[in-house]
Structures are given as structure tokens and as C-alpha cells.
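Novice:
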Amino acid sequence: MEQSQTILNILTDLTGTDLHDQLNVNLFDAGLLDSMATVQLVMELEEQCHVSIPISEFDRTEWETPAKIIAKVGTL
Numbered sequence: 030m031e032q033s034q035t036i037l038n039i040l041t042d043l044t045g046t047d048l049h050d051q052l053n054v055n056l057f058d059a060g061l062l063d064s065m066a067t068v069q070l071v072m073e074l075e076e077q078c079h080v081s082i083p084i085s086e087f088d089r090t091e092w093e094t095p096a097k098i099i100a101k102v103g104t105l
């Protein structure tokens, strides 16, 4: 499975909302992600995408939309 699809599937599972066609929705402003869900997201991304995401370097503005998450994970 392509990494972007994996990420979108993780987001869909966490938010309960199909985000495949909503790549630019702000997940925090829309109430789809909160601090607890963000921790779960990081854990799932690390496990399923085989990346390491240092929480100390986590900038919410870089992770606020599905498109930004896909782009950020692609750089790790």
C-alpha cells in the first residue's frame, strides 16, 4: 500500500471521518484531532510507516492537515 494511503487510513481510523477527499481540512480546528489523538497518530505513524517522530520537534502547524502530515512523514 502506498504510504499516503496508509496515512489516510490511520487518520480515518482515528477520527472516524473519511479524509481521503479532504486533504486540506485543519484536523485540529475541525475538532477531529486533540492532544490524545495526536499521540495515537504519532504512535501509529511510527509503527505503520516505520519512521521516528520526535515529540520535542512536533510543531502542530506542520501536522494540521492530512496533506501536511503526508508531506512531513515523507521527509522522515
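In the working numbering, the protein residues as written are 30 to 105. Just so it is clear, CB atoms sit at the ideal spot from N, CA and C, and this is done for glycine as well.
#1: Determine the DSSP secondary structure at Leu61, reduced to helix, strand or coil.
#2: Put Thr35 into one of helix, strand or coil per three-state DSSP.
#3: For His49, tell me which candidate among Ser33, Ser64, Asp63 has the shortest Cα-Cα distance.
#4: Would you mind working out which of Val102, Glu86, Ala59 sits nearest Thr79, comparing C-alpha positions?
#5: Using the three-state DSSP reduction, which class does Pro95 fall into: helix, strand or coil?
Specialist: On the basis of the data shown:
#1: Within the sequence shown, the letter at position 32 stands for residue 61. Looking at Leu61 - three-state DSSP - the assignment turns out to be coil, as it is neither helix nor strand.
#2: As a first step, residue 35 must be located in the sequence shown, where it is residue number 6. Note: Thr35 maps to helix in three-state DSSP.
#3: For the purposes of this step, residue 49 is identified with residue 20 of the sequence shown, where counting begins at 1. The shortest C-alpha separation from His49 is found at Ser33.
#4: Within the sequence shown, numbered from 1, the residue matching residue 79 stands at position 50. Sequence inspection shows His at residue 79; the Thr mentioned does not correspond to that position. Among Val102, Glu86, Ala59, the Cα nearest to that of His79 belongs to Val102.
#5: Taking the sequence shown and counting its residues from 1, the one referred to as residue 95 is at position 66. Helix, per DSSP.
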